Structure formats: structure tokens, C-alpha cells
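Its first residue numbered -3, the first sequence is counted upward by one per residue in our numbering.
Every residue gets a Cβ at the ideal spot worked out from N, C-alpha and C, and that includes glycine.
Just so it is clear, the structure is predicted and the values come from calculations on it, not from any experiment.
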Amino acid sequence: MLDMKVLRADPQRVADALKVKNYQFDVAAFTHLEERRKTLQAQTEQLQNERNTKSKSIGQAKAQGEDIQPLLAAVGDLGERLDTTKKEFAQVQDDLQALVMGIPNLPHESVPLGQDDSDNQQLAVWGTPRVFDFDVLDHVDLTADSGLDFETAAKVTGSRFVVMHGQVARLHRALIQFMLHKHTQTHGYNEVYVPYIANADSFRGTGQLPKFAQDQFKLEHEQELYLVPTAEVPVTNIYRGEILAEAELPVKHVCHTPCFRSEAGSYGRDTRGMLRQHQFEKVELVQLVHPATSWDVLDSLTGHAEAILQDLELPYRSVVLCGGDLGFGAAKTIDLEVWVPGQDTYREVSSCTNFLDFQARRLQARYRSAQGDIELLHTLNGSGLAIGRTLIALLENYQQADGSVSVPDALRPFADDLAQIKP
RNA sequence: GGAGAGGUGUCCGAGUGGCUUAAGGAGCACGCCUGGAAAGCGUGUAUAGGUUAAUCGCCUAUCGAGGGUUCGAAUCCCUCUCUCUCCGCCA
């Protein structure tokens, strides 16, 4: 959520900034609602004050044994007027809230202009894609006999799911262990385990609701519950409504969860293989930091994700997302894209984002400064990394002419010393 | 699943319709006192919003959440939620 003070002070400036994100902010509608809000709030509070004062005097009169009938009469239709005004005020508040909750975060000034991912700007390239002296297989063909089993998953559940067998399942598990190990032991993150189901308040807190309900798996339950689309939701919401001491900062969490996404509206895209699944594993990095540090933290957090790709010796590049490709709550996002030989291109395995105080304001996640002031935190997160896509990259980059796949050194200790996957 | 007890500020804890403007205590901060400390004494110690150029101030809301009754609700009623105890079931 944006700062209401900023919105009120200069809505036109907000509208201009949001054009970078292809978002049309209706300044007139906002200003109109805000005017009504102001009037109605003043009226409501004035009536409440009147009621409180008069009620108190009734109490005092009663305590002194005086006749309270005239006082009761003086209250008259105050209650009714208050009721009407209150309802009107609540309605305007709801409308205004709905409007403001739907406004995306302002992009940082360094975010490049652009419509979609083709306008993203490359920042750096690491490693060189391997030159193969045989015909390259993609992960589907490579594991058709022994590893990834899409037919069975389709029988058990439906499309966009996978069953993994044997050594591929082991490698998949090893990737999770390896990443958790690296982030906790080398990068100083605290591991957390969290629920894979979260309530609507949590989804609103991190910005998945109200706007993106169609992307979520909603449970049939008496309470409004959803499967988590990323660990970002449960982990960041640990701090919803909390006030941390400045000395506790920065909070750094690493968390492995499955992620559930309905992928509504992506029917034709990435239908082959396990690039885009309804369920995938992810190791997520989440930080809650002092506002002054968040831009530095974005760089270091991205570096932590990059370290995984470097240890696995997978070629990748980093790109900064353009305005049109930037997420709802993001001020700036750096994507890491790993080389996928089967597609002869780079594909996203990590998305590292600085939300500034956008999520913190919805969450009311704050800290108390040394001076005793209470201020909003800044939140950041990034994949470190998406497991399924890393596995794809691993299989395809490390494939051999005979159809086997060698396991990179860094991963072997976590895979019971598995050195090679046989076809 | 059944029965019961609860949820009050940073913490403990009082509070069954109006001197509650949430008592009292602990903790913390500052001041006085002291050679220094402890003790003692004093002052302060929530959040969100409104008003204001801003501070002070003033106003409104918040006692798990949401409704309701009432001139007036922490207190009474309803729904939900979480915690604890006992029974049952269970990995």
C-alpha cells in the first residue's frame, strides 16, 4: 500500500510515476472519495464527541441522584444521526480502501521503461553456455525412461504436475538441502518452517489479495484459506502487526516450501516439461531491514542467489525488470536467468525484489528506532532458487552424449555422493 | 469429536453497565538524592487516524475479531477465532 500522505499531497505525481508500470491511476475519483472521507470523518467524530460528553453527564447526574429524564430527552435523535453518518463514512472508507489497496507500488527511478520482458535490461552475464558435440536433449526426453513422469502425474492429479523417480527425485531433494545449507551456513540466514496454507489477512499483507485471487488455489473451508504461492507469504507475515527493536535488524530468513500457483491465463505457455507447474519447490530468501539499507540489501540478496548458480557452475545472466514487467508490490526487481540448453535461451530461476515500505505498510511491520520512534520496515525477498527450474538447468547443462547426467561437485555431498545419473 | 476455563498495555494483573480519563504492581527511560551504586522519591512510558505548515495541544477509535442491545459497553447478548485443562481419537 502506498503512503496515504503522499497520495493526498500529490496524486498527480503518483499517477505519472505509475504510468511506468502501465497503471492508470484515476486522480479525479481518488480526490473525490478523499474529499468525502474528510467531511464524513469530521462529522462522525464530532457526533461521537457529542454523544460521549452527554452520556457522561447522564452518568454523573445519575450518580448524584438527579433526574436524568431531561438529559435523556436532550440526547434526542443523536444516536440515529450518528448511525447514519457512521454507515456513510464506513462505506466511503471501504471504497477508498479498495481503491488504495489496488494501487501498485511506485517503481524506483532506476527502473527502465518498457512494456514486457523483452524490454528488460541485461545487467551481467556469468559463465559461458557449453558447446555440445552431440544433439542436445531437453529435460523431458533426457529423463523419459527413468526420472520425470508427467503421464502418471496427469493420472493422479492433472496437467502441470510431475512425479519424480529414483535418482532424479534424489537430486531434486539434494538441491533443496544444498541451498538451505549454503544460505544458513555461509550467508547468515535463519531457517524457518512455516504453514503451507495461509489466511486472507496474510495474503492481503504481502499483496496477493485482493487483486490476484485468480492466481491462487483457494481451499473449500469455512475460513478463507489459500495454498501459498511462495514462502514470501507465510514468512513475511510472521511479522504482521509486530514492532521489532532496531537491534534485531536485519531479519534474514531462508525457507523451503512447495509453491502452488493456478497459472490462470497461461494456458498455452510452457506446456512441455516442468518449467511451469501448479506445484513446485522453492527455497526463498526473505529480509526485513532498516529502510536506509534496503537498496544495498537488494544487491547482497541477489548475490546470495547468484552464489548458488555459481557453486553449481550453471551459466546465467541477471536482468533488471522494466516498468511493464514489474510486479504489483515491487519497487525494483532483479531476475536471475539460468541457461537452458534445451530451449537455447535463459529462463528465470530467481526474482529478487525490494518492496520498500509497500508490504510493511499493509502488514504494519515496524521497528522502534534507538530514539524511540516507530517506523515501517522495508521488506525484500528473492528465490534462492526455484528448485524445479534449477533441476531442469542441471539436467540439461550436465547431460552427456550417452544420455547420462553428471552431478556437479557441490551437490554430491547432499545427494549421497551420487556422481552420475544413468539413463 | 465432547466438556470446561480463558484472551485486558512491554509483562503480571484488577475491573459484572456510568468518579476507568483501564486501578495496582513489575520492567524500562529520565530527573532528584549519593563519593559511586542500591534503596527511596518524582516524572514519563501503547497504536492507528483526524485537525495543524509543524511541534505542543485537542478530537476519534482500539481491552482476541466482527456484529448487536443501550443515552452510555472492557463489562450484557450473538457469531467467529486463538490459548489452556480433561475425555476420546490419532502419526
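{"Query": "Endpoints, beta strand (DSSP E) assigned at Gly380", "Result": "374 to 382"}
{"Query": "Nearest-angstrom Cα separation, counted from Ala209 out to Leu215", "Result": "12 Å"}
{"Query": "Where Met97 falls: helix, strand or coil (DSSP)", "Result": "helix"}
{"Query": "Extent of the continuous beta strand (DSSP E) to which Arg268 belongs", "Result": "Segment: none, Arg268 is in no beta strand (DSSP E) and carries neither H nor E."}
{"Query": "CB contact flag (Arg313, Gln118, <9 Å)", "Result": "yes"}
{"Query": "Segments assigned alpha helix (DSSP H), at least 4 residues, entirely inside the segment 28 to 87", "Result": "65 to 71"}
{"Query": "His161 - DSSP class collapsed to helix/strand/coil", "Result": "coil"}
{"Query": "Among Arg32, Asp197, Ala120, Phe157, the one whose alpha carbon lies nearest that of Gly237", "Result": "Asp197"}
{"Query": "Beta-bridge partners of Pro254, as assigned by DSSP", "Result": "Glu277"}
{"Query": "Sub-9 Å separation of Lys278 and Ile193 beta-carbons", "Result": "no"}
{"Query": "Boundaries of the alpha helix (DSSP H) in which Thr428 is found, first to last residue", "Result": "Here the chain has residues from -3 to 419 only, and residue 428 is not among them."}
{"Query": "Whether Ser347 touches Gly378 by CB criterion (9 Å)", "Result": "yes"}
{"Query": "Which listed residue (Cys251, Asp12, Pro100, Gln275) has its alpha carbon closest to that of Leu322", "Result": "Pro100"}
{"Query": "CA-to-CA distance, Leu29 to Ala94, given in whole angstroms", "Result": "11 Å"}
{"Query": "Given 8 Å, three or more beta-carbon pairs between the segment 220 to 239 and the segment 355 to 363", "Result": "yes"}
{"Query": "For Leu310 and Leu390, the rounded distance between their alpha carbons", "Result": "7 Å"}
{"Query": "Reduced DSSP category for Asp(-1) - H, G, I as helix; E, B as strand; rest coil", "Result": "coil"}
{"Query": "Whole-angstrom distance between Arg156 and Gln273, CA atom to CA atom", "Result": "5 Å"}
{"Query": "Identity of the residue in Asp(-1), Glu242, Glu392, His300 nearest Asp369 by Cα", "Result": "Glu242"}
{"Query": "Bridge partner(s) assigned by DSSP for Asn186", "Result": "His249"}
{"Query": "Presumed contact (8 Å Cβ cut-off) between Leu373 and Ala356, rounded CB distance", "Result": "5 Å"}
{"Query": "Leu67 versus Thr40: straight-line alpha-carbon distance, rounded", "Result": "21 Å"}
{"Query": "DSSP-derived helix/strand/coil call for Ala170", "Result": "helix"}
{"Query": "Assigned secondary structure, Tyr192 (DSSP; H/G/I helix, E/B strand, else coil)", "Result": "coil"}
{"Query": "Residue nearest to Val420 in terms of C-alpha spacing, selected from Asp292, Ala86, Gly320, Asp405", "Result": "Since the displayed the chain opens at -3 and closes at 419, residue 420 lies outside it and no answer follows."}
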